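Visitor:
In the working numbering, the protein residues as written are 1 to 1011.
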């Protein structure tokens, strides 16, 4: 019969490749049939192209397939299956007898098969007696047994997929599909155990095998009765024997467990089913493959980590000895529901939360159904955490499956009815998408198809769920996007909204938790003092004012962000104080409402940084900067000095003038730290910005000191403040002292001694103006201490010298360390002419001298003495950030030695900053580039950690933190992911160890030592 089908009909049926469809329809296998009827039936398939191809391939092996494809009752379900799963179509080609399963049309309402029926079917397939009172033993084993077991499994899976795809409401069918998939997997394990018993007879006595009781405990989705079409099946093995000795029982149990995996997933004629994963057992891969019940109990009592109890939330006996499995369930149940009281529970919960997006490849993030934001893991995390928090005292919420748990939590009053319905429907929709994607090739995947054609096929596969006759790729993506956003919103609403309702006494229609339940939730989030946290929430949301109403809307999101920090208690307290300070400020409420990025920045900074929180409390209006990266950009020196000088022109008194200068400095430290915490500026910019801020403050204070002095005494000369140390290198940290030297030059006609005395008064006043306590105090001010210890002769020498005195001293008496100190010298404030003359005198001393061997030895001797004498008593050299091995001091001393030796010939070395000098050293080939990179890494990481220590704890410290909380806070400040405190510690110790090797080789001339 000639082909009588139009292109329009093919398009209407959903075909993609029209020319290929026409060729296939003209195939000899389809001769003499009603093509229009077949195309009409193919319209039921998600992928008509695939269904037609599968049909043509199947007919030569099973001619009855054509009758199924043309029968009005059988065609929709049969072709729907062929178009949904290439893998099952290939199975039918291998096993055409299985077509008989598809002869009955699929019912519109999903009806699952019982666990007992599936178990019996797979045991009979391997020749075992399911009704026997003794442990079943297969009569078909080896490769033949593996094949018949897998064929029987896939035969049952074929029937399930047929009923699943034919269900009128895929969302309603999803829990029953997951339940039957889990029971089918359990039946396969039962059949595999029967095969394993038969195969074990070549090593063990039959009576010993019969005596050993082995139970297979399902974990994860299999244990929860919500398995996917393709998934690893997580198991734990437990064994027992009344007669066998311990070693024999253990060996036999291990043999049986290995045999189970072999029967399920070894290479064979019929491909393996899925991986049997026993890595959740005690001690993981390092632990025994099977243990006795007593051994399990002893391990969980003494050694188990908190996450292991959370994993046991889904544990269920699924195969093997039912009595032993029930005993295992009874043993672990109280451990699971008391886990929220265990030490480390909060950290374990936080690790669970991070797992939601862990290990996602960036290219896959936008396509993830499971791990991405708003994905399946978000739903499962929320539900499991609520169960662990409230299940301790409320047994009604102790359900294994996610859908049943949502219903139980809603019925018990922990989730609102409307939210529960939306959460449940979102979860079912995501699971249906996952099922349809996995069905295609029966492969484990959780990724939305990348191509538009694949998305269109998936849309057709769930079109009844979407409620449209023919879904499009765009419609599917829109629905998926809406679902992801809803899941994220519901996580925040479900977990945090009841806390607010309980605190604020809102509508009776809303979920309201008891005080104990609310505190349990807060404790699970990491709040050490949940009662205080509830008081803060009450204060923020109480009343009828606009601020309270807005806070009630926003706090579910904000509480989540605050809880992600290291110290949620401090973060919530800081947020309360900030909110109370700003009151009804329209910009603040608007920022929280309209700028999620700014609000998130604020919450995370408050719960991670004591230093910034203290500054925000006294300068709450500065929180507005978080809404704009431009506002967070540090003001340059010229802008700062312009602001200070304009205020000084108002002829204020010295006290008021210095107060304004110090307040401006405090404000800019806050701006810089906020920008640093928000990631707007890098480490080098932080150092320069802080140095510019101090320079402007010093110049302002000098103006005040000079004005006061010159008001009573005529000016007798010029005065200069020279920055030294890290201040001169523009690489200071938060709360660094200002290392300086003071230089004066009397006017020609002035009294030399009088000029010296006047300059001494100015220098002394300068230090006092910046460092003394103010009355009233400038709250939370990091005061600037002036340190002139690097002047000639150190603290024993005059505080101020004339330019001529400096020149004579350096020419006649200076020591090498004083010449080394000049490498950082740069003008800071005062006379520009004097600055030019001072630098003209200094540059030849630091850059153009020839270093002799005696001078090099002296530098080495001084460095060794510093290491021996200045390191605080009891401090570990490996952990000291400033003076420790391979840390800041080592790198800077090596750089400065290179400058003293080579700056004469390499002008690029004439810099006061460490990192540019390192770059110049590498470019000049003085130290190999890869070794310079090690030095740079060590210096940068030590600098970052040193600043982070102050920012996070509010305390100045030169030692790597010892407490976990401080280490975790500093690690996050340094850019490490949550939970990576130990990674930062290891990085620091490893980097500085390597840096020390480079230092010793090039500073002391030591041979490289092995680490």
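A virtual CB, placed ideally from N, CA and C, is assigned to each residue, including glycine. Here the structure is a predicted model, which is why all the values come from computation and not from measurement.
Cβ atoms of residue 592 and residue 550: under 9 Å apart, would you say?
Guide: Contact flag set, yes.
Visitor: Kindly indicate which three-state DSSP category residue 374 falls into: helix, strand or coil?
Guide: In this structure, residue 374 counts as coil in the three-state DSSP scheme.
Visitor: Helix or strand or just coil, what does DSSP make of residue 330?
Guide: DSSP places residue 330 in helix when its eight states are reduced to three.
Visitor: May I have the straight-line CA-CA distance separating residue 470 from residue 49, to the nearest angstrom?
Guide: Below a pLDDT of 50, predicted positions are generally treated as unreliable, and residue 470, at 46, falls in that range; the measurement from the model is reported next regardless. The straight-line gap from Cα to Cα measures roughly 16 Å.
Visitor: Whole-angstrom Cβ separation of residue 693 and residue 658, contact assumed at under 8 Å?
Guide: With 8 Å as the limit, residue 693 and residue 658 do not qualify as a contact, their Cβ atoms being about 15 Å apart.
Visitor: DSSP has residue 718 in a bridge; who is on the other side?
Guide: Partner(s): 745.
Visitor: Identify whether residue 507 lies in helix, strand or coil by the three-state DSSP scheme.
Guide: For residue 507, the pLDDT reaches just 44, beneath the cut-off of 50, and the residue's location in the model is therefore unreliable, although a value from the coordinates is still provided. Note: residue 507 maps to coil in three-state DSSP.
Visitor: Extract the residue ranges of the beta strand (DSSP E) inside the stretch 667-746, only unbroken runs of 3 or more that lie entirely within it.
Guide: Segments of the beta strand (DSSP E) lying fully in the stretch 667-746: 717-723, 738-746.
Visitor: For residue 744 versus residue 713, is the C-beta spacing smaller than 9 Å?
Guide: In this structure, residue 713 does not lie closer than 9 Å to residue 744 by Cβ.
Visitor: Could you tell me the boundaries of the beta strand (DSSP E) in which residue 890 lies?
Guide: Per DSSP, residue 890 belongs to no beta strand (DSSP E); it is in the alpha helix (DSSP H), 888-902.
Visitor: Name the residue from 774, 819, 782 whose alpha carbon lies nearest to the alpha carbon of residue 793.
Guide: If we check each option's Cα against that of residue 793, 819 comes out closest.
Visitor: Quick one: residues in its chain with C-beta nearer than 7 Å to the C-beta of residue 724, no 5 flanking neighbours on either side, listed in chain order?
Guide: Excluding sequence neighbours, residue 724 sits near 739, 740, 741, 790, 821, 824, 825.
Visitor: Once you ignore the five residues that flank residue 415 on each side, which residues in its own chain have a CB closer than 6 Å to its CB?
Guide: Excluding sequence neighbours, residue 415 sits near 409, 494.
Visitor: Going by the beta-carbon positions, is the gap between residue 517 and residue 390 smaller than 9 Å?
Guide: Yes, the Cβ-Cβ distance between residue 517 and residue 390 is below 9 Å.
Visitor: Does the stretch 199-208 come into contact with the stretch 424-441, if we say contact requires no fewer than three beta-carbon pairs (one atom in each stretch) closer than 8 Å?
Guide: No: fewer than three Cβ pairs fall under 8 Å.
Visitor: In whole angstroms, give me the CA-to-CA distance for residue 956 and residue 949.
Guide: Answer to the nearest angstrom: the Cα atoms are 7 Å apart.
Visitor: What are the partner residues of residue 237, as DSSP defines its beta bridges?
Guide: Residue 237 is bridged to 216, 290.
Visitor: Three or more C-beta pairs under 8 Å: does that hold for the stretch 105-113 against the stretch 74-87?
Guide: The stretch 105-113 is in contact with the stretch 74-87.
Visitor: For residue 505, which residues of its own chain have a beta-carbon under 6 Å away from its beta-carbon, when the five flanking residues on both sides are left out?
Guide: Residue confidence for residue 505 is low, a pLDDT of 46 falling below 50, so the modelled location carries little weight and cannot support an answer.
Visitor: Hey, residue 304 and residue 282: beta-carbon distance below 9 Å or not?
Guide: It is a contact, given that the beta carbons lie within the stated cut-off.
Visitor: Less than 9 Å between the beta carbons of residue 130 and residue 147, yes or no?
Guide: No. Outside cutoff.
Visitor: Would DSSP call residue 392 helix, strand or coil?
Guide: It is coil, neither helix nor strand.
Visitor: Taking the alpha carbon of residue 293 as the point to measure from, which residue in 269, 263, 240 has its own alpha carbon closest?
Guide: Of 269, 263, 240, the residue nearest in Cα terms is 240.
Visitor: Give the secondary structure of residue 162 by DSSP, where H, G and I count as helix, E and B as strand, and everything else as coil.
Guide: In this structure, residue 162 counts as helix in the three-state DSSP scheme.
Visitor: Residue range of the alpha helix (DSSP H) that residue 826 falls in?
Guide: First-last for residue 826: 826-830, but that is the beta strand (DSSP E), not the alpha helix (DSSP H).
Visitor: Hey, out of 345, 289, 319, 323, whose CA is closest to residue 309's CA?
Guide: Closest option to residue 309, Cα to Cα, is 345.
Visitor: Tell me whether residue 393 is buried or exposed, calling it buried when 16 or more other Cβ atoms sit within 10 Å of its Cβ.
Guide: Classification for residue 393: exposed.
Visitor: Considering Cα atoms alone, identify which of 943, 970, 474 is closest to residue 1100.
Guide: Missing from the structure shown is residue 1100; the chain here goes from 1 to 1011 and no further.
Visitor: If you drop the 5 nearest sequence neighbours on each side, which residues of the same chain put their C-beta closer than 8 Å to that of residue 923?
Guide: Answer for residue 923: 908, listed in chain order.
Visitor: Between residue 901 and residue 594, what straight-line distance do the alpha-carbon atoms span, to the nearest angstrom?
Guide: If I take the Cα positions, the gap works out to 58 Å.
Visitor: Please name the residue, chosen from 610, 440, 840, 600, that lies closest to residue 628 on a Cα-to-Cα basis.
Guide: Of 610, 440, 840, 600, the residue nearest in Cα terms is 600.
Visitor: What whole-angstrom Cβ distance do residue 196 and residue 256 have, given they're in contact under 8 Å?
Guide: So it is a contact: roughly 5 Å between Cβ atoms.
Visitor: Where residue 756 and residue 750 are concerned, what is the direct C-alpha to C-alpha distance, given to the nearest angstrom?
Guide: Between residue 756 and residue 750, the C-alpha separation is close to 10 Å.
Visitor: Got a sec? Which residues, its chain only, sit under 6 Å from residue 216 by beta carbon, not counting five neighbours each side?
Guide: Result list for residue 216: 189, 235, 318, 319, 320, in chain order.
Visitor: So the candidates are 475, 444, 155; which of them puts its Cα closest to the Cα of residue 455?
Guide: The residue with the shortest Cα to Cα distance from residue 455 is 475.
Visitor: Helix, strand or coil for residue 775, going by three-state DSSP, please let me know.
Guide: In the structure shown, residue 775 sits in coil (DSSP, three-state: anything other than H, G, I, E or B).
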